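**Q** Just so we're aligned, residue 1001 is where the sequence shown starts under our numbering, counting upward by one.
Note that CB positions come from ideal geometry on N, CA and C, so glycine has one too.
Quick caveat, the model's predicted, so the values are computed rather than measured.
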Amino acid sequence: MILVTGGAGFIGSNFVLDWLAAFDDPIINLDALTYAGNLENLAALDGDPRHVFIHGSIGDFERVAALLATHQPRAIVHFAAESHVDRSIHGPEDFIQTNIVGTFRLLEAARAYWNGLDEARKAAFRFLHVSTDEVYGSLLPGDAAFTEAHRYEPNSPYSASKAASDHLARAYHHTYGLPVLTTNCSNNYGPWQFPEKLIPLVIHNALAGKPLPIYGDGQQIRDWLYVADHCRAIRRVIEAGKPGETYNIGGWNEKTNLDVVKTLCAMLDELQPRTDGQAYTTQITFVTDRPGHDRRYAIDASKLERQLGWKPAETFETGIEKTVRWYLDHQAWVNNVTSGAYREWVGKHYGAPA
Ligand code: NAD
Ligand code: TYD
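1. Hey, could you find the ends of the alpha helix (DSSP H) R1274 is sitting in?
2. Cβ atoms of G1177 and T1153: under 7 Å apart, would you say?
3. Under a three-way DSSP split, which group does D1329 fall into?
4. For the ligand NAD, is there any heavy atom lying closer than 6 Å to the beta carbon of L1033?
5. Buried or exposed, going by whether 16 or more other CB atoms sit within 10 Å of the CB of L1175?
6. Specify the secondary structure class of N1155 as computed by DSSP and reduced to three states.
7. Looking at L1181 and R1236, is the spacing between their C-beta atoms short of 7 Å?
8. So, for V1016: in the same chain, excluding its five sequence neighbours on each side, which residues have a beta-carbon less than 7 Å away from its beta-carbon?
9. Beta strand (DSSP E) containing L1039: first to last residue?
10. By Cβ distance below 8 Å, which residues in the same chain neighbour L1271 in space, the five residues on each side in sequence not counted?
11. Determine whether the beta carbon atoms of E1254 and D1223 lie at a separation below 7 Å.
12. Would you kindly report the start and end of the unbroken alpha helix (DSSP H) that includes L1181?
13. Could you tell me whether any non-hydrogen atom of the ligand NAD is closer than 6 Å to the CB of A1160?
14. Can the beta-carbon of D1294 be found closer than 7 Å to that of A1279?
15. Verify the contact flag: R1111, CB atom, against every heavy atom of the ligand TYD, threshold strictly below 6 Å.
16. Smallest Cα separation from K1303: which of E1148, G1292, E1040?
17. Taking the runs of the alpha helix (DSSP H) that are 4 residues or longer, which of them lie wholly in the stretch 1220 to 1277?
18. Return yes when the Cβ of T1103 is within less than 7 Å of the Cβ of L1168, no when it is not.
19. I1100 to G1277, Cα distance in whole Å?
20. Is it buried or exposed for S1186, if we count other Cβ within 10 angstroms and need 16 for buried?
21. Whole-angstrom Cβ separation of V1260 and L1207, contact assumed at under 8 Å?
22. Looking at the ligand NAD, does it come within less than 6 Å of I1011, judged from the CB to the closest heavy atom?
23. Cα separation between P1200 and F1194?
24. Answer yes or no: do F1061 and R1105 have a C-beta to C-beta separation smaller than 7 Å?
25. Run through the stretch 1036 to 1107 for me and flag every whole alpha helix (DSSP H) of 4 or more residues, listed as ranges in chain order.
26. In angstroms with no decimal places, state the Cα-to-Cα distance between A1341 and S1088.
27. Quick check: does the Cβ of N1115 come within less than 6 Å of any heavy atom belonging to the ligand TYD?
28. Can you give me the Cβ contacts of A1354 inside the same chain, cut-off strictly under 7 Å, excluding the 5 residues immediately before and after it?
29. Is K1262 near the ligand TYD - that is, is its Cβ less than 6 Å away from at least one heavy atom of it?
30. Nearest by alpha-carbon distance to Y1301: which of P1179, G1056, S1161, G1251 is it?
31. Given a cut-off of 7 Å, decide if N1184 and S1131 are closer than it, judged by their beta-carbon atoms.
32. Let me check you understand the geometry: is the CB of N1205 closer than 6 Å to at least one non-hydrogen atom of the ligand NAD?
33. Distance check for R1063 and A1123, CA to CA, integer angstroms please.
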């Protein structure tokens, strides 16, 4: 039995689905179902006794403590977070509460539970804290990719809150001996990603005939990793990672935002051409840049490859094609998640609906 937090979000739901496809260990999935959490992602598990969904918050110490006592997990995989940089700029409070205070409470509950285990189960227990490359700040064009030894230099309220949670996770290992592992991953893409993030937003807007908003000059660089590769890396770190260590996870796929958007347009031109015969790139619109926008992220994932034998299975080209096809095949899901709270967000961030 393992406890997953945030397992109804983008990466968490991919993780739950992939885990249960590979193993029989049941999952307790604790998720607060914010705007980003969606049980539809897990509909394939309806009736599967290996998946127990609990609607609740990581910040609820009593609840988490009771869950741990009842289910006695051998590991906690902690995805739950507020995850969108632009939202953190509009309203940082939720990021402080969930990412910092919530992680602190979860660590406290984990520590109390872990202290009560017998020696063998204590030694086998793992707390895996899922984090981001954004904690390392921004790189210049010729700089070497982030290694695990890179200085923390977070620049957005989101990355600052994740950095704070990484420090707490580290301290719980160093001070209390809790077997914590931290992973810092680059930008994920793939099925079930909420269309506020670049790739699903662009696919959604393209098909809806709306502008494809590119912040600033579109020359910012991100490293992209297909979500199933991230999930596999996490499984590997739980299985063989050394407590107290951090592992960078990345796809060796540095792309400018403009290139990513053009790739998506070209793929859509092929798979679902516009009825007027025009290219989707005609919808590209340059908009005001994100404040404090990090210029470049690049991840050096060689430690994970060298020590634990993990490598991404997908290239950007194979992963992005799977992703575009997935969104084309799941328009009903997109339509469901883009009602209500999504419309409010789009109105607030990009202005009145196009
Ligand atoms: P997401 O926003 O899609 O999902 C977050 C999930 O957490 C949602 O299901 C939400 O309901 C849940 N949640 C929020 N607050 C909660 C609380 N208080 N208690 C319980 N559940 C709560 O995020 P994601 O993109 O799947 O990211 C998951 C994790 O991976 C985050 O920690 C994020 O920082 C990290 N990460 C994401 C990326 C990426 O590209 N998306 C890259 C690297 C690391
Ligand atoms: P995003 O998907 O929000 O991830 P992150 O900010 O965590 O890297 O954004 C990816 C990149 O795309 C980032 O440099 C911001 C940019 N971007 C746009 O240019 N337009 C958009 O509408 C969005 C959402 C992002």
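**A** So, from the data block:
1. No alpha helix (DSSP H) contains R1274, which DSSP labels as neither H nor E.
2. Note that residue 1153 is Glu in the sequence shown, not Thr. In this structure, G1177 does not lie closer than 7 Å to E1153 by Cβ.
3. helix
4. Yes; taking the cut-off as 6 Å, the Cβ of L1033 has a heavy atom of the ligand NAD nearer than that.
5. This sequence places Thr at residue 1175; Leu is not what is there. Exposed, by the Cβ-count rule.
6. coil
7. no
8. V1004, G1007, I1027, N1029, L1042, H1051
9. Note, L1039: premise wrong, no beta strand (DSSP E); not H, not E.
10. For L1271, where only same-chain residues beyond five positions count, the Cβ hits under 8 Å are V1324, R1325, L1328.
11. yes
12. Unbroken run through L1181 is the beta strand (DSSP E), 1180 to 1185; no alpha helix (DSSP H).
13. no
14. Cβ atoms of D1294 and A1279: not closer than 7 Å.
15. no
16. Here the closest residue by C-alpha is E1148.
17. Counting whole runs of 4 or more residues, the stretch 1220 to 1277 contains the alpha helix (DSSP H) stretches 1227 to 1240, 1257 to 1271.
18. yes
19. 49 Å
20. Looking at its Cβ environment, which holds 16 or more other Cβ atoms inside 10 Å, S1186 is buried.
21. About 17 Å; that fails the 8 Å criterion.
22. Yes; taking the cut-off as 6 Å, the Cβ of I1011 has a heavy atom of the ligand NAD nearer than that.
23. 7 Å
24. yes
25. Scanning the stretch 1036 to 1107 for uninterrupted alpha helix (DSSP H) segments of 4 residues or longer gives 1061 to 1071, 1085 to 1090, listed from N- to C-terminal end.
26. Rounded to whole angstroms, A1341 to S1088 spans 16 Å at the Cα level.
27. Distance from the C-beta of N1115 to the nearest heavy atom of the ligand TYD is not below 6 Å.
28. Legend: pLDDT at A1354 = 44, less than 50; position of this residue unreliable, value from coordinates given subsequently. If we look at A1354 and ignore the five residues flanking it on each side, its Cβ neighbours are K1210, P1211.
29. no
30. Note that residue 1301 is Ala in the sequence shown, not Tyr. When only C-alpha atoms are compared, the closest one is G1251.
31. Result yes, Cβ atoms of S1131 and N1184 sit closer than 7 Å.
32. no
33. 24 Å
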